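*Asks:* In my numbering, the protein residues as written are 4 to 355.
Take this structure, written in structure tokens, and hold onto it; I'll ask about it next.
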């Protein structure tokens with residue numbers, strides 16, 4: 004069946020927990036390949052874990068980078084993005100694509116957008132990477148009318164704010180969190196035909212589980228969880244009290260507040276697994292979804308514990324228990340993803 008590509012963003016923008024998975028859900032609304040955010044998150048490989056340390060600064064992300072690229076590859080879509088030398092050229096590209104009905108979006112730093120100024124505790128978190136800002140219209144003076152994942156109605160964004168956000172300012176503390184694109188405009192090019200959702204989901208689950216269990220490097224997946232556990236084990240000995248407070252607050256905020264839907268993204272992934280179970284007619288996935296819902300509660304409690312330690316008179320007090328909780332979460336993650344991998348492999352082989 005042919006897919007009917009959209010030529011404008013939905014009048015009422017679907018809200019969600021994460022910018023890219025929400026944007027993908029809106030891109031495909033009413034096309035014949037209509038997906039809730041939870042399924043977009045599953046297909047895009049949002050499930051994952053990243054940890055990286057640069058000197059005394061830690062970067063944690065409860066999901067993989069490049070969700071939109073994983074989604075595109077698994078659905079036969081394509082991502083087209085163009086970086087520009089300055090904001091004016093970027094704005095003109097966004098205007099041109101918008102007028103052609105190509106649903107452009109900007110790659111930007113959310114903390115530079117006035118709409119997010121009072122929404123997230125930016126003073127508690129290090130730089131964290133790219134944010135997708137869908138562009139509905141570019142006005143004659145260069146101001147933009149945009150959408151974003153927390154709001155169902157359009158938002159005005161001044162030319163100056165868009166330029167600041169798309170220039171990707173950074174304090175330079177985290178190379179891993181620094182976005183790779185500057186003054187960039189992107190768009191999703193849908194496939195010509197509606198993808199086979201059962202096949203897409205099965206491949207997505209299998210590949211995501213494999214990447215978690217056998218990551219490309221030590222900053223990803225199960226290795227990243229081990230690295231975070233080791234980092235916590237030594238943090239109380241090698242960092243100053245003020246540095247400990249800063250790192251615990253940043254890690255807590257990244258696990259619970261920044262584009263995860265809470266609980267290190269495990270609640271969102273759990274809902275995606277339940278939706279996958281319905282589509283695939285595979286009830287065993289519901290049991291795995293239960294595990295990830297439990298993990299979501301565990302990560303939420305852990306984030307709260309990190310925040311409590313950061314604000315305690317002596318953040319080192321009870322440190323052994325904090326590390327023990329992290330170790331328990333890592334083991335539970337490994338058990339859950341191993342079960343997911345087994346089920347996904349069975350589905351791929353047609354033996355379920």
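Where is the CB? At the ideal position from N, CA and C, for every residue including glycine.
All values derive from a computational prediction rather than experimental measurement.
Measuring only the C-alpha atoms, how far is residue 175 from residue 193?
*Replies:* Only weak support is given to the placement of residue 175: the predicted model assigns it a pLDDT of 47, under 50, and the question is left unresolved by the model.
*Asks:* What span of residues does the alpha helix (DSSP H) with residue 295 cover, start to end?
*Replies:* Here the alpha helix (DSSP H) through residue 295 covers 287-314.
*Asks:* Do the stretch 71-85 and the stretch 303-310 meet, that is, are 3 or more Cβ pairs less than 8 Å apart?
*Replies:* At 8 Å Cβ cutoff, the stretches do not touch.
*Asks:* Quick check on the burial criterion: 16 or more other C-beta atoms within 10 angstroms. Buried or exposed for residue 196?
*Replies:* Under this definition residue 196 is an exposed residue.
*Asks:* Going by C-alpha to C-alpha distance, which of 286, 297 and 69 sits closest to residue 265?
*Replies:* Comparing Cα-Cα distances from residue 265 to each of 286, 297 and 69, the minimum goes to 297.
*Asks:* Grouping DSSP H, G and I as helix and E and B as strand, with all else coil, what is residue 59?
*Replies:* Of the three classes helix, strand and coil, the one that applies to residue 59 here is coil, per DSSP.
*Asks:* Give me the DSSP bridge partner(s) of residue 30.
*Replies:* The partner list for residue 30 (beta bridge, DSSP) is empty, contrary to what the question assumes.
*Asks:* Label residue 345 either buried or exposed according to how many other C-beta atoms from any shown protein chain fall within 10 Å of its C-beta, with 16 as the threshold for buried.
*Replies:* Flag for residue 345 reads exposed.
*Asks:* Can you list, in chain order, the residues of its chain with a C-beta nearer than 6 Å to that of residue 144? Leave out the 5 residues immediately preceding and following it.
*Replies:* Taken in chain order, the list of residues that qualify is empty.
*Asks:* Would you identify the three-state DSSP class for residue 327, choosing helix, strand or coil?
*Replies:* Residue 327 falls in the helix class under three-state DSSP.
*Asks:* Is residue 193 helix, strand or coil when you go by DSSP?
*Replies:* In this structure, residue 193 counts as coil in the three-state DSSP scheme.
*Asks:* With respect to 7 Å, is the separation between the Cβ of residue 102 and the closest non-hydrogen atom of the ligand ADP below this value?
*Replies:* Among the components modelled here there is no ligand, and therefore nothing to report on the ligand ADP.
*Asks:* Which same chain residues, not among the five before or five after residue 203, have their C-beta less than 8 Å away from its C-beta?
*Replies:* Around residue 203: 46, 77 and 78.
*Asks:* Is it buried or exposed, residue 4, if we count other Cβ atoms within 10 angstroms and call 16 or more buried?
*Replies:* With fewer than 16 Cβ atoms within 10 Å of its Cβ, residue 4 is classed as exposed.
*Asks:* Run the CB neighbour count on residue 263, radius 10 Å, all protein chains shown included, and call it buried at 16 or more, exposed below.
*Replies:* With 16 or more other Cβ atoms within 10 Å, it is buried.
*Asks:* Pick from 55, 206 and 60: whose alpha carbon is nearest that of residue 352?
*Replies:* The candidate whose alpha carbon is nearest that of residue 352 is 206.
*Asks:* Using the rule of at least 16 other Cβ atoms within 10 Å of the residue's Cβ for burial, across every protein chain shown, is residue 11 buried or exposed?
*Replies:* So residue 11 ends up on the exposed side.
*Asks:* Are the stretch 155-167 and the stretch 109-124 touching by the rule of at least three beta carbon pairs closer than 8 Å?
*Replies:* Yes, the stretch 155-167 is in contact with the stretch 109-124.
*Asks:* Taking the DSSP output, what are the residues bridged to residue 83?
*Replies:* In the DSSP output, where bridge partners are listed per residue, residue 83 has 190.
*Asks:* Taking the straight line between their C-alpha atoms, what separation do you get for residue 28 and residue 57?
*Replies:* Going from the Cα of residue 28 to the Cα of residue 57 covers about 35 Å.
*Asks:* State the Cα-Cα distance for the pair residue 244 and residue 338, rounded to the nearest angstrom.
*Replies:* Roughly 34 Å separates the two Cα atoms.
*Asks:* How should residue 107 be labelled, buried or exposed, when 16 other C-beta atoms within 10 angstroms of its C-beta is the threshold for buried?
*Replies:* The residue in question, residue 107, is buried, as its Cβ has 16 or more Cβ neighbours within 10 Å.
*Asks:* Measuring CA to CA, which of 284, 101 and 280 is closest to residue 292?
*Replies:* Out of 284, 101 and 280, 280 has the C-alpha closest to the C-alpha of residue 292.
*Asks:* Taking the alpha carbon of residue 334 as the reference point, which residue from 271, 221, 35 and 229 has its own alpha carbon closest?
*Replies:* The shortest Cα separation from residue 334 among 271, 221, 35 and 229 belongs to 229.
*Asks:* For the alpha helix (DSSP H) containing residue 46, name the first residue and the last one.
*Replies:* First-last of the alpha helix (DSSP H) with residue 46: 40-46.
*Asks:* If you drop the 5 nearest sequence neighbours on each side, which residues of the same chain put their C-beta closer than 7 Å to that of residue 300?
*Replies:* Correct list, in chain order: 266.
*Asks:* Does the separation of the CB atoms of residue 150 and residue 142 fall below 8 Å?
*Replies:* No, they are not a contact pair.
*Asks:* As a quick exercise: from 282, 88 and 234, pick the residue whose alpha carbon is nearest that of residue 169.
*Replies:* Of 282, 88 and 234, the residue nearest in Cα terms is 88.
*Asks:* With a threshold of 7 Å on Cβ separation, who are the neighbours of residue 34 within its own chain once the five nearest residues in sequence on each side are excluded?
*Replies:* Correct list, in chain order: 6, 7, 8, 9 and 193.
*Asks:* Quick check on residue 12: does DSSP put it in helix, strand or coil?
*Replies:* Correct three-state label for residue 12: coil.
*Asks:* How far does the beta strand (DSSP E) with residue 158 in it extend, from its first residue to its last?
*Replies:* Its beta strand (DSSP E) spans residues 154-160.
*Asks:* Where does residue 54 sit, in a helix, a strand or coil, going by DSSP?
*Replies:* Looking at residue 54 - three-state DSSP - the assignment turns out to be strand.
*Asks:* By the three-class DSSP mapping on this structure, what secondary structure does residue 24 have?
*Replies:* Three-state result, residue 24: helix.
*Asks:* Please classify residue 138 as buried or exposed, where buried requires at least 16 other C-beta atoms within 10 Å of its C-beta.
*Replies:* Buried, by the Cβ-count rule.
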